[in-house]
Amino acid sequence: MIRVYVLCLWLLAAETGSAQRIKYQGLKADTGTVYLRHNPLGWMDFLDGNVTVGGEYRFNRTWSATLDAGAIWYSTYLPKTRQATGLLLRPGARLYPGKYKDYFIDLQLHYKQVMYHVKDWIERDVVQDVASYEELARFRFKKRVMGVHIMGGLKQYFTNNRRFFMEIYLGLGVHFKKEGLYNEPPDSRFEHGFRMLAQNDRVSENNTTNVPGKRVLPAVPGGLRIIYRLR
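Numbering (numbering that gives the first Met the number 0), first residue to last: 0 to 230.
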């Protein structure tokens, strides 16, 4: 009798432990549908400071669509910028390959456009790569960047109900940048100091130098997001 009683207790304990493990795994697997998110590091972007918010919609446990949109409100990209305005758009697709869906792989498109209002010295009447004079003037400088990123990241939960958490991500990508003076005479030129690679501006056959500079740059996107699961 005692042996039967001990055996029943052992079976009950084993069944309870199994149920708890199943319950724990079910809680750990994130099965939300709609998420709101914010990138706090955008506020500290020393090149193009921005406020970026976004969302994620999960079609199923494995795939989702993402979108981040931001407004650029200050910049140190050009040293004598008086004002900068622009936008960021980053649509993407996400894969959750793991069992508990707590890490992910993103394929993301990147678009940035910024208008800089600058007060600085600008070269005028440039002929055969030689300027006739320089003028201290207010002018506009426009930058447009398009690219693609592939990134991987992890989730870190703040609460037991998996509603409020953080994402940390890092990846690689490529950017196609086009920038130059905006609505200035064609024989004007402005050389700004911040360049990772040489600009491919060149003097054209009609001696105009005010043509947008184009270049291809590597990108290393990374950072963190604060996420709230809406439902």
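Each residue gets a CB set at the ideal place from its N, CA and C atoms; glycine is no exception.
Apart from sequence neighbours up to five positions away, the residues of its chain that approach F58 with a beta-carbon distance below 8 Å are A64, ordered along the chain. The secondary-structure analysis by DSSP pairs W62 across a beta bridge with L94. Runs of the alpha helix (DSSP H) lying entirely within the stretch 131-179 and spanning at least 4 residues: none are present. The C-alpha of G146 is placed about 15 Å away from the C-alpha of L66. Inclusion of R230 and R162 in the CB contact set at 7 Å is not warranted, their separation being larger than that value. Leaving aside the five residues that flank P220 on each side, the residues in its chain whose CB is nearer than 7 Å to its CB run, in chain order, H148, M150, G170 and G172. Contact between L46 and T75 holds: CB atoms are separated by about 6 Å, below the 8 Å threshold.
Contact check between the stretch 120-132 and the stretch 80-90: fewer than three CB pairs, one atom from each, fall below 8 Å, which does not count as touching. As the crow flies, the alpha-carbon of G179 is around 45 Å from that of R60. Annotation for D47: the continuous beta strand (DSSP E) segment containing it runs D47 to R57. For N49, the closest alpha carbon among the candidates N38, E55 and G97 is that of N38.
Contact annotation: A83 and V113 have beta-carbon atoms nearer than 7 Å.
For P96 and F103, the gap between their C-alpha atoms comes out near 7 Å. Remark: C-beta atoms of T158 and V117 do not approach each other more closely than 7 Å.
About 6 Å separates the beta carbons of F138 and E183, which is inside the 8 Å limit, making them a contact pair. Secondary structure of L40 (DSSP, three-state): helix.
In the structure shown, F103 adopts extended strand secondary structure according to DSSP, grouped into three states.
Assignment of beta-bridge partners to H191 by DSSP yields no partner. In this model, P211 and K177 are separated by some 6 Å (Cα to Cα). Taking all protein chains in view, the Cβ of V33 is surrounded by fewer than 16 other Cβ atoms within 10 Å, so the residue is classified as exposed. Between R188 and V144, the C-beta gap is not smaller than 7 Å, which leaves the two residues out of contact. When beta bridges are read from the DSSP output, W120 appears opposite L135.
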